[in-house]
Amino acid sequence: MATKVVVALWVCLMVCGAMGQLTEKRLSYRAQQCRINRLTSSQPTQRIECEGGFIEMWDQNEEQYQCSGIHAMRVIIQPSSLALPNFHPYPRLVYIERGEGLMGVTFPGCPETYHSSRGQHWRGEEEEREFGGQRGDLHQKVHRFRRGDILAIPAGAVHWCYNDGNEEVVAVAINDLNNQANQLDQNFRAFYLAGGLGRGEQPGLRGIRGIQRFHFQNIFSAFDPELMAEAFNVPVDLVRRMQQSEDRSLIVRVERGEMRVLSPDEAGEEEEEYYRRRTRYMGLEVNGLEETICTTRLRHSLDNRREADVFSREGGRLNILNEHKLPILRYLDMSAEKGHMFPNTIYSPHWSMNSHTVVYVTRGEAHMQVVGSSGRTLMDERVREGEMFVIPQYFASTCRAGSNGFEYVAFKTTSSPMKSPVVGYTSVFRAMPVQVLTNSYMISPSEAQKLKFNREHQTFFLSPRGGGSGRRY
Amino acid sequence: MATKVVVALWVCLMVCGAMGQLTEKRLSYRAQQCRINRLTSSQPTQRIECEGGFIEMWDQNEEQYQCSGIHAMRVIIQPSSLALPNFHPYPRLVYIERGEGLMGVTFPGCPETYHSSRGQHWRGEEEEREFGGQRGDLHQKVHRFRRGDILAIPAGAVHWCYNDGNEEVVAVAINDLNNQANQLDQNFRAFYLAGGLGRGEQPGLRGIRGIQRFHFQNIFSAFDPELMAEAFNVPVDLVRRMQQSEDRSLIVRVERGEMRVLSPDEAGEEEEEYYRRRTRYMGLEVNGLEETICTTRLRHSLDNRREADVFSREGGRLNILNEHKLPILRYLDMSAEKGHMFPNTIYSPHWSMNSHTVVYVTRGEAHMQVVGSSGRTLMDERVREGEMFVIPQYFASTCRAGSNGFEYVAFKTTSSPMKSPVVGYTSVFRAMPVQVLTNSYMISPSEAQKLKFNREHQTFFLSPRGGGSGRRY
Amino acid sequence: MATKVVVALWVCLMVCGAMGQLTEKRLSYRAQQCRINRLTSSQPTQRIECEGGFIEMWDQNEEQYQCSGIHAMRVIIQPSSLALPNFHPYPRLVYIERGEGLMGVTFPGCPETYHSSRGQHWRGEEEEREFGGQRGDLHQKVHRFRRGDILAIPAGAVHWCYNDGNEEVVAVAINDLNNQANQLDQNFRAFYLAGGLGRGEQPGLRGIRGIQRFHFQNIFSAFDPELMAEAFNVPVDLVRRMQQSEDRSLIVRVERGEMRVLSPDEAGEEEEEYYRRRTRYMGLEVNGLEETICTTRLRHSLDNRREADVFSREGGRLNILNEHKLPILRYLDMSAEKGHMFPNTIYSPHWSMNSHTVVYVTRGEAHMQVVGSSGRTLMDERVREGEMFVIPQYFASTCRAGSNGFEYVAFKTTSSPMKSPVVGYTSVFRAMPVQVLTNSYMISPSEAQKLKFNREHQTFFLSPRGGGSGRRY
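Residue numbers (this note's numbering), protein chains in the order written: chain A, 1218 to 1690; chain B, 1218 to 1690; chain C, 1218 to 1690.
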């Protein structure tokens, strides 16, 4: 028993120490080019049809995804369907565009803090499990997610996802292939613990090239069944069935009754919050290790109007999610923002100082312009709901929301994004002396002051000329 | 109003938090090779003639610049000329070889702490600005620089430079393309906010290849004028004039009267120092955010004799500028040193343990030798004033100053440079037991002791044999 | 004198500050691919015969070494032989498979804390050295190593090694070419201060290609002898002899009498420990700089049974050496583990979450399986004593020890290794709800519970079915 405790403590020490290191170090690279001739906004080009939904992928060979090292996918999970457990060699941010469900993310060595039994709540139940009778279960935390949430999934952490709602879950997932957590090359890879695309000819793959199929495989299928059976101490037959699951695709249908017990209801969530706080408090006494990773938050709502970081009655609102709001982002070195722009609002011309930006349009449309160091217009088009594009680091961009407004979620390859706007309260023009402007552009001092101060009280979201006509959200 | 304060605070939080992250993370790479056959000291090979000066660039395709990821340029700004506002996707160190002037570096979200009016000092003036009457101006700090200064320019920060002196400003600028702040590829890029090389045929370009021209363009020129006019809330005509400035080249002439008000005189500088200290003090009370970036120093004199880090009456003196003296260097991950070697002094054979070294000769000449791991002499030549060369990390080098002495400035791709000398007080020979030397070289113990101790009281700069004959500086 | 102290302090400051930076920053890369078709366990393919031993190298062009950026070598030093002083552009971990000896690792600017005289112990001796009479010597610490030790050698630090025992020293050295300390490219390089492979035709090279020979050269040989003589302030003739040593190969024979005085005996070691503690204590008073690098430990025994981190009476034991046990590893960003598996024990299927793993078999054999994201078996073979192979990050592996047990040492490219086992106390299966398993694999709840709990009380080393039959170590 004492040995178990020592092992557990030691594992915990290793995990907690190591997590801090996960993303701070080295990186493995592929030669990369950012000589971009054209940026285009597009829908996914590849599609994997599964029993319980499908996975759509943007073409990673496009210049913009190559330059930014981003792999983007959209996963649709039908009601009562389970996205099978898998992990990736880089961190991933997921935005829940629609629906709700449950997600599990496992960390090796963290305690199993969820006790459940079939068909009833664990509260009031005895804590003892009975394995033979299958009455109880222990597992790590399960996270409920809803429309508008960002989920942060660390590199190498096994995760699964279940849609227990009544509508499709639509999730947009951004993989940061360049991330320091990834010591492999920059090719997309997924490691499935169950299911897989199998080896035979498969219908339902659109635009998936041969080599890519190999990266949706069940890693158990290739191990020797005898060895695995002995490792698990189970019959060989059971291992064979695990391996055969490789033809079940990546998302499977599950009767709702079969997954019922997992669901932490609201009450349970509060309780869990209480438990987490208590653990934290106790953790401080036993030296704070437990709280660092095992109880970290992985979910944050990007759509909370009350949490808006920029709010303008004329322009719209901007929610920013960085490492200060969701600390796990520090380890992922990624972040996100959600913008709601009123009709005809203009996003101040600006550039991102420390990251690439991947924009996914969630509603409406906008006229988007992007200019690189070559002084050429790399993008000048309407971007529409469901499309995605990349704005590389330092490239200047601006947009004007369409007549029905524009909503987007933007993912960044840094945990502390910083942008440099050209117009408005925090702009570079405002920071420069009038004389530098007059002499740079050969304009009069009064014109220079217009450039500096005509939008003095606004920042990022600029109301359309004449202002005030936008509808409120 | 409260909203404004909140926005300002939030922007400040973002900026300060983000700055700390600017250089600590990821990097985007190009395949790189350091199989160097020959290192040569050379003058710039490319030249861009501008109205108010010219920009010279070393050939970045040379092995030594490819290996080190360094792009080097020398900028000459004539009196009463303005280098137009621009930014780069990597940090830059600038050494002022000659002249003096003013530099502005803007940080998004930092407060405009300089209040100026046309033709008079801001002291005693009312604090209220009148925009219509163009009486006052607000802008961020302007830095006065002088011969011998190092200026540190963070990645993505817009900067401009004005020569208000009577002689040419000669500035040597080193760009660290490999730096972690740069998530684009390793190609040189500049983003100009005004001016540009334009698109037409251009006289005055020497050695500039087609593709490179595209990286000296005005980023505003390619945006839709209507959209920009609405963003700035100014007439379209004004935007068109901003865009037309793309043919004004990169350095323009400005009548001195037109830039007069900018100049913080000595008194002003002290006052600003006082203001900075007060801000810092107050900053600590309001939680210290304001001081971290917005008031950081970007300038340090490398030529201050009293600050010499190594001083030898026989050998010369060495001024080292690392992150401890100029904290912003920690974010840039770069540093510099200035060496004054007396005639015939020898620089102890040594290698740099954690950076490449880019050497620019500021006066005199020296006989330089560099040896790589291949055991071949990669460089064995006289290096002269105005020339530049790279000593890759770990490559061993030594030099002997010419008969008129040798002065150089060296830039390093680390913020905490460390070198390992072979001879002298801190040498590896001194650190090894006599017996290791005797057996490694088959020499006698007394010979080994000579190797260890004959220069026992010297370090780095070794006086010529017979010593003491060098002239004093 | 005061100058000397100032110089020393300044150097110390630079060294200590810089060391902290050594590995935290940038990196220079070569395009890298991890599309691995096959992993094979192998003996070294290249061999350099030297006067006092030989150096064997694994083929760095193999996919597995390319992907992981690892260069591996095995160095055999015969009794009374000296591996000549050299340094590398990346950190190195060395495992002592057999024998014992002395190692010196020099840090520029650290004090010479070892005082020795010829033929007698320094204790009781007067502290004054007499250079002319060659009575005393000062040098930096010399480390005694023994079978089972790991030695950590920072990038750029000169080191040498002497076998003063009665049997061969067999040392396995892992170089981490991808490490952030290396700003050169990913090619293997060694910088020798003495000896070298010379330029002429050389017998005793097996499998060494032309270009590689150039990276075992004496860096002094290419410097101008006159310049070096003046730098060292010694006769030119002495420098010429240093340069001629380039034909002495890399390991030379040395009569034991010639190296006698170096040996710190056990008593000396304790005393040194005392001295180190005292220094540390005093160091804290004078601000703690001295202890950070100059007195850091570079050696740790991996074979200490009492220090085992995982211990199972049925399975075996595992010793893990990470940054918490040997703090210098934090700067190297490497770590190691030593496993002793009892006969037929199974290593839980698992993957490494934050590093590549290089395995060297020290005794016995095992049946090893590795599966990548492609779901194919990349390795399925017996691995034997003296062989080495790489398990890339995230690739799943398992093995079963042979009938005589299996011992190995594994090197990792992170200082805080973390693995994710599939079976056992800390496994991902245990962390997932039963229902996820039942639905993923279409198995019954009781089968899922078997997968979760049948190895509930074990971790990493799983006893063979029927358990308890393994022999004890």
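From the three backbone atoms N, C-alpha and C, an ideal C-beta is built for every residue, glycine too.
Check, Outcome
"Can you pull out the residues from the segment 1304 to 1322 of chain A whose beta carbon lies closer than 9 angstroms to at least one beta carbon of chain B?", "none"
"Do you know how far the Cα of B/H1517 is from the Cα of C/E1329?", "34 angstroms"
"At which residues does the alpha helix (DSSP H) containing B/D1454 begin and terminate?", "1453 to 1461"
"The segment 1578 to 1602 of chain C: which residues have C-beta closer than 7 angstroms to a C-beta of chain A, in chain order?", "Q1586, V1588, S1590, S1591, G1592, R1593, T1594"
"Tell me which residues share the same chain as A/I1608 and place their Cβ nearer than 6 angstroms to its Cβ, disregarding the 5 neighbours each side in the sequence.", "T1574, V1587, S1614"
"Taking C-beta to C-beta, are C/R1291 and C/A1372 nearer than 9 angstroms?", "no"
"Pull up the DSSP beta-bridge partners for A/V1600, would you.", "A/A1583"
"Determine which residues of the segment 1457 to 1475 of chain A have a Cβ less than 8 angstroms from any Cβ of chain C, and write them out in chain order.", "R1458, M1459, S1462, E1463, R1465, V1469, V1471, E1475"
"Could you spell out the range, first to last residue, of the beta strand (DSSP E) harbouring C/G1321?", "1318 to 1322"
"Note down, in chain order, every chain C residue with its Cβ under 9 angstroms from the Cβ of A/H1360.", "What A/H1360 touches in chain C: nothing, since even the nearest Cβ is about 12 angstroms away."
"For A/L1444 versus A/E1266, is the C-beta distance shorter than 9 angstroms?", "no"
"Does any CB atom of chain B fall closer than 9 angstroms to the CB of C/V1451?", "yes"
"Can you tell me which of A/W1568, A/S1297, A/A1289 puts its alpha carbon nearest to the alpha carbon of A/E1268?", "A/S1297"
"The alpha helix (DSSP H) with A/S1620 in it runs from where to where?", "No alpha helix (DSSP H) contains A/S1620, which is instead part of the beta strand (DSSP E) from 1613 to 1629."
"May I ask which residues mark the beginning and end of the alpha helix (DSSP H) holding B/L1654?", "1651 to 1658"
"Between C/A1665 and the rest of its own chain, which residues show a CB-CB distance below 7 angstroms, the 5 nearest in sequence each way excluded?", "V1651, L1654, T1655"
"Can you say whether C/N1621 is buried or exposed, counting buried as having 16 or more other CB atoms within 10 angstroms of its CB?", "exposed"
"Suppose contacts are defined by Cβ-Cβ distances below 9 angstroms. Is B/E1310 in contact with B/L1549 by that definition?", "With the sequence shown as reference, residue 1310 of chain B is identified as Leu, and Glu is not the correct amino acid for it. Yes, the Cβ-Cβ distance between B/L1310 and B/L1549 is below 9 angstroms."
"For B/L1645, name the three-state secondary structure that DSSP assigns.", "Residue 1645 of chain B is actually Val in this sequence, not Leu. Helix."
"With B/G1474 as the anchor, note down where its alpha helix (DSSP H) starts and where it stops.", "1473 to 1476"
"For C/M1445, which three-state DSSP category applies?", "helix"
"Would you report the Cα separation of C/R1470 and C/E1673, rounded to the nearest angstrom?", "55 angstroms"
"Under a CB-based cut-off of 9 angstroms, is C/Q1250 close to chain B?", "no"
"If you measure beta-carbon to beta-carbon, which residues of the segment 1431 to 1443 of chain C are closer than 9 angstroms to chain B?", "F1431, H1432, F1433, Q1434, N1435, I1436, F1437, S1438, A1439, F1440, D1441"
"Can you find a CB in chain A that lies within less than 9 angstroms of the CB of C/S1285?", "yes"
"Following the continuous alpha helix (DSSP H) through B/Q1666, name the residue where it begins and the one where it ends.", "1662 to 1670"
"Under the assumption that B/R1364 contacts B/I1313 (Cβ atoms under 8 angstroms), give the Cβ distance between them as a whole number of angstroms.", "6 angstroms"
"Among C/F1628, C/S1590, C/S1572, which one has its Cα closest to the Cα of C/V1578?", "C/F1628"
"For B/N1254, does the count of other Cβ atoms within 10 angstroms reach 16, so buried, or fall short, so exposed?", "exposed"
"Give me the Cα-Cα distance between C/F1677 and C/A1618, rounded to the nearest whole angstrom.", "13 angstroms"
"Residue range of the alpha helix (DSSP H) that B/C1251 falls in?", "Where B/C1251 is concerned, there is no enclosing alpha helix (DSSP H), given that its DSSP letter is neither H nor E."
"Please report how far the alpha carbon of B/L1679 lies from the alpha carbon of B/Q1434, in whole angstroms.", "48 angstroms"
"Look up C/D1354 in the DSSP assignment and say whether it is helix, strand or coil.", "strand"
"Among B/M1476, B/G1326, B/Q1460, which residue has its Cα nearest to the Cα of A/Y1642?", "B/G1326"
"Could you please give the first and the last residue of the uninterrupted alpha helix (DSSP H) stretch that includes A/R1547?", "1545 to 1549"
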